[in-house]
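Taken in order, these protein sequences are the chains called A and B. So the first sequence is residues 532 to 986, counted in our numbering. So the second sequence is residues 56 to 551, counted in our numbering. Heads up, the beta-carbon is just placed ideally off N, CA and C, and yes, glycines get one too.
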Amino acid sequence: MKKLSRREFFGCSAAIGGAAIVATTPVLSSCSGKEKGARLIPLQQPGEYYIPELADKAVEGRELKAGLIGCGGRGTGAIDNLLEAADGIKITACADTFKDKTDEFLKKMQDKGQALTAENCFVGFDAYKKVIDSGVDMVVVATPPVFRPYHFQYAVQKGVHCFLEKPIAVDAKGYRIIMATAKQAQAKGLAVVTGTQRHHQRPYVAAFEKIQQGYIGEITGGNVYWNQGMLWYKERQKGWSDMEWNIRDWVNWKWLSGDHIVEQHVHNIDVFLWMAGGIHPVKATGVGSRQRRITGDQYDNFSIDFEFENGIHMHSFCRQIDGCSSNVSEYVQGTKGSWNSVEHAIKDLQGNIIWQFDEEAAKAEFLQHDPYTLEHVDWVNHIRKGEMLDEATQCGMSTLAGIMGREAAYTGRTVTWDEMSAMDQDYLPGDADSLKIGPLDLSKYTVPVPGEARK
Amino acid sequence: MSGVAVGIAFAAGFHATYAKTSTNEYCMSCHVHTDADASWKQSVHVSNRSGTVTDCAACHLPPESMPGRRFAAKTRLGVKDMMAYMFKDSEKIDWEAKGELEHARKIVFNESCVSCHANLYPEGVSDEAVVAHLYYEEYEKKYKLQCISCHLDAGHYNPDYRHESMKTVPVAAGPVYETRGELTSFADFTETIPGTTAAIKMIAIPGGSFIMGSPAGEPLRKADEGPQRTVELSPFFMAEVETTWDQFWAFYRETMSEGRTAPETVYANNSRDDIDAVSGPTPPFGAPDQGWGMGARPAITMTHYAAQTFCQWLSLKTGRKYRLPTEAEWEYAARGGTSYPYFFEGNPKKFSSEGLLKGIFKADTAGMARNVIYAANSGNKTHEPARVAANPFGLKNMLGNVMEYCSDWYSEDAYAALQEGAVNPSGPQSGTEHVVRGGSYASDAADVRCAARSHTEHDAWLRTDPQNPKSIWWYSDVKGIGFRVVCEVPQEIIEQ
């Protein structure tokens, strides 16, 4: 594993060895003297990982024009968060597949005193281009995730900063577009934030820093959960075409959402990959099924065993069924202790809490604690300071890990990262620019059955 | 004070010299390689829409951002080039071979490639390139991947180098055979493959016993060649030459599977008892003949599975039982009744280019060159069988030209596990790599001895294949591998 060699190289012992001739004492004191005098070996050195500044409000600066692509609940919410996060933001354009959605958003914006006009509310599958070409500096992309790679690609081509709601792809082709586009965005110095808001949630960020400093030692495994009740669904209405029904009911359709392990549980998978220092699984084996979902072609539960290069395992567990036990959290085990997001605490191997996020202190120090707002603070700060920010690469990898879990369960096979990353898989029913509201071949959208029947 | 001035003058002079000796003109003043100059000018590094010209030193030295490495490399290569300029005749240098990946790896610095090409995912990048570059980033260190592993023609244009899947299938000229070859007695015959223009000359190899392996005292011997064992073999037919491109393309044309059928599905289809057509190779990436020519040259770079599938297809087409030789059959046939290190007399040490003094005293190829295509006489490529004499059985290129697949799994101590006097042995029950024998055009004399053993290196031979799953038909990182077929003697002939 890449991390190991770096850790060994930068470890305190190496530092002492190298610096002994110059000055022994200061080096020694900087390496010891942590909790109980135990020497901490960092997973990564400061500077090798990103810790966001979690300021209450974005810096003052030039006025920024923002557009919204996908005027659903999350998109509208993200715009609220953006306006809360920073002053000097003008919402100037929006897009959706359906006019009732842009109308609703237009009214909301006018109520808030925003200058958005009906002429700048675009409808249709190509409406995203009109928003991006309307002269916006930044765009919030919150359509069903199957479209995300194409929207990201066009925005970066035009040099527009992006907020991409997670997940940022649903298939292997989309993943590759994301990874390539992320590099192009880096080259252009764009700021890209991805809606994996735990990266801007104070207790998570604090724990991440502790874990990188070596508080739980080397990572040896983990468990991540998103178990909750059933999400919303929409029965087909009279007059809706197949496409309209699918999009309005998108969280229940594989091709639009990537299934709930990708669409929702990506958050928790992402936390493990992030905490472990940006690694990715090499193999996945799992099960999943559909028990009580009403519409669409998705499963409603998955249980996946992810394996990493050095042999460690992470178990991922997600369920969307009413009346079952709920749990949305992450747990990471290390050689010296563990961290969990239920208590936001680090425990030693005996179960004693050796560190816990100090909520009271944070409340005394800061006013803003909503991670959905804080991620926009960070985004706007990077834009105003002209600094590059790339969350798409990490979120892209987490998204592919989710896809990997899904494919493992759908097929019943052990699947590999290399296989997933190179796979010829494109969930869009046709070319991204030629989609229309109309009929779809719904017979293709069946609930996957793993393995094969006994012959 | 004057010391400082001298120092400054020296430094300035040094810098001027350093800069001057890195210009294209300076490089070309010693590098009298007209073809390389011309191919560079035709390459995308000169001939491109942006008008950018990438100089010799930009690729053939480490980047300027690594001054220490650059200076060291410049010194090392400079001394080498000067020696070559003074003591070697440019026209006698095999410039073509210098352009092959094996050599190019040593004189092209990957750090230099990526110092200009910092973003492997520029706007407009194709999906295929993203797949390949994600793979490169993931495995660069593990497999020691270089940019030129896939972009060998970036600096020097090569019309035969293709960065794409092969589109058209070469067809050998000649009449299409309607029936299989005639075989009425145990004698040499020509197998004609119905529905194709391909034929295979088969040599009747009499049964008998021989001593397999090499004696402990054989020069340049390796441990896996012993202990020697007496082995008995039934008669069989063996192809006179290594399977040619003409023969292999006949197979490919009839069985080629376009698209990417999952390997499991291919294996499952091909192993059915009632099969009437096999699934064959997918189109190879690039030029599988390496630009050396096709026709009667041995077909190369196919996997062991592809070679086996060729035999399966040939058996279906002819109604005879074709297969790969066992390791024992191969060595028996290669020796042709002799028991020297080669099938002719001679000391391997004399023919070898390896060893302390061989840098000064060239290998003596007399006696070897007309029998074997190997490192000292191949010009680093395969050759047509007509270049060499046959062995006492009438077989050509058993030693050298291309390594040949056997059906056995490789095991270092395979002979120790063999019974003295074993009849038709077929090697270990299981394994991970297959036996390959005979060495290749790139081998030293040590490795083209009759007893020399080697084996496939499946993962290493596929390291730059970015597809997933990786090809089950074509290797991406080995060139000198091929095979020849054997035909079992039909029952009615045995009964005669």
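As assigned by DSSP and simplified to three states, the class of residue i
i	result
Asp853 of chain A	coil
Phe897 of chain A	coil
Ala669 of chain A	The question names Ala, but residue 669 of chain A in the sequence shown is Met. Three-state DSSP puts Met669 of chain A in a strand.
Ala646 of chain A	coil
Tyr73 of chain B	helix
His846 of chain A	strand
His692 of chain A	strand
Asp552 of chain B	Within the shown structure, residues of chain B are numbered from 56 to 551, placing residue 552 of chain B beyond reach of any answer.
Thr364 of chain B	helix
Ser264 of chain B	strand
Trp304 of chain B	helix
Thr607 of chain A	helix
Tyr756 of chain A	strand
Phe291 of chain B	strand
Arg539 of chain B	coil
Lys660 of chain A	helix
Ile709 of chain A	helix
Asp879 of chain A	strand
Trp528 of chain B	coil
Ser509 of chain B	strand
Met257 of chain B	strand
Whole-angstrom distance between residue j and residue i, CA atom to CA atom
i	j	result
Cys849 of chain A	Glu696 of chain A	20 Å
Ala473 of chain A	Leu637 of chain A	Because chain A here runs from 532 to 986, residue 473 of chain A falls outside it and cannot be looked at.
Glu192 of chain B	Thr947 of chain A	16 Å
Trp347 of chain B	Asp149 of chain B	14 Å
Ala342 of chain B	Thr519 of chain B	15 Å
Gly154 of chain B	Phe837 of chain A	44 Å
Lys404 of chain B	Ala507 of chain B	14 Å
His875 of chain A	Phe340 of chain B	52 Å
Ser204 of chain B	Leu156 of chain B	7 Å
Lys769 of chain A	Trp776 of chain A	10 Å
Trp910 of chain A	Ser772 of chain A	38 Å
Ser105 of chain B	Arg915 of chain A	33 Å
Ala472 of chain B	Cys505 of chain B	20 Å
Ala159 of chain B	Gln345 of chain B	15 Å
His682 of chain A	Glu749 of chain A	38 Å
Best match in the options for proximity to residue i [C-alpha to C-alpha]
i	options	result
Gly603 of chain A	A:Thr628, A:Ile843, A:Glu591 and A:Gly619	A:Thr628
Ser860 of chain A	A:Asp801, A:Leu787 and A:Phe694	A:Asp801
Glu840 of chain A	A:Cys855, A:Val813 and A:Gly827	A:Val813
Gly903 of chain A	A:Thr674, A:Leu585 and A:Pro577	Before going further, note that residue 903 of chain A is Tyr rather than Gly in the sequence given. Tyr903 of chain A has its Cα closest to that of A:Leu585, out of A:Thr674, A:Leu585 and A:Pro577.
Gly936 of chain A	A:Ala658, A:Arg679 and A:Ile792	A:Ile792
Cys168 of chain B	B:Tyr198, B:Asp208 and B:Ala424	B:Asp208
Arg944 of chain A	A:Pro979, A:Thr924 and A:Gln925	A:Pro979
Pro545 of chain B	B:Val224, B:Asp514, B:Thr239 and B:His158	B:Thr239
Asp962 of chain A	A:Gly606, A:Ile810 and A:Lys704	A:Lys704
Glu319 of chain B	B:Pro524, B:Ser98, B:His100 and B:Cys111	B:Pro524
Tyr465 of chain B	B:Thr511, B:Val296 and B:Leu371	B:Thr511
Ala424 of chain B	B:Gln363, B:Asn456 and B:Ala228	B:Asn456
Gly720 of chain A	A:Asp964, A:His913 and A:Phe888	A:His913
Glu166 of chain B	B:Cys111, B:Arg125, B:Val186 and B:Trp300	B:Arg125
Ala173 of chain B	B:Ile258, B:Tyr81 and B:Cys202	B:Cys202
**OP:** Taking a Cβ distance cut-off of 9 Å, strictly less, list which residues of the stretch 928-960 of chain A are near chain B, in chain order.
**Re:** Here the close residues are Thr947, Trp948, Asp949, Glu950, Met951, Ser952, Ala953, Met954 and Asp955.
Original post:
In chain order, which alpha helix (DSSP H) runs of at least 4 residues are fully inside the stretch 431-506 of chain B?
Top reply: none
Original post:
Along the chain, which unbroken stretches of the alpha helix (DSSP H) at least 4 residues long are found entirely within the stretch 893-977 of chain A?
Top reply: 902-916, 923-942 and 948-953
Original post:
Given a limit of 9 Å on CB to CB distance, which residues of the stretch 753-779 of chain A reach chain B?
Top reply: none
**OP:** Would you mind listing the beta strand (DSSP E) stretches within the stretch 769-852 of chain A that are 3+ residues and don't spill past its ends, in chain order?
**Re:** 814-820, 832-838 and 844-851
Original post:
What residues in the stretch 695-721 of chain A bring their beta carbon closer than 7 Å to a beta carbon of chain B?
Top reply: Lys704, Arg707, Met710, Ala711, Lys714, Gln715 and Ala718
Subject >> Contained beta strand (DSSP E) runs [length at least 3] in the stretch 347-408 of chain B, N- to C-terminal order >> reply: none
**OP:** With 9 Å as the limit, tell me which residues of the stretch 478-501 of chain B have their beta carbon closer than that to any beta carbon of chain A; keep them in chain order.
**Re:** none
**OP:** Using a Cβ-Cβ cut-off of less than 8 Å, give me the residues of the stretch 505-529 of chain B that come near chain A, in sequence order.
**Re:** Pro521, Gln522, Asn523 and Pro524
Subject >> the stretch 152-166 of chain B: positions lying closer than 7 Å to chain A by Cβ >> reply: none
Original post:
If contact means a Cβ-Cβ distance below 7 Å, which residues of the stretch 669-697 of chain A contact chain B?
Top reply: Gln688
**OP:** Could you name each continuous alpha helix (DSSP H) segment of 4 residues or more that falls completely within the stretch 84-153 of chain B, going from the start of the chain to the end?
**Re:** Taking only runs of at least 4 residues, the alpha helix (DSSP H) segments lying wholly in the stretch 84-153 of chain B are 89-97, 111-115, 122-142 and 150-153.
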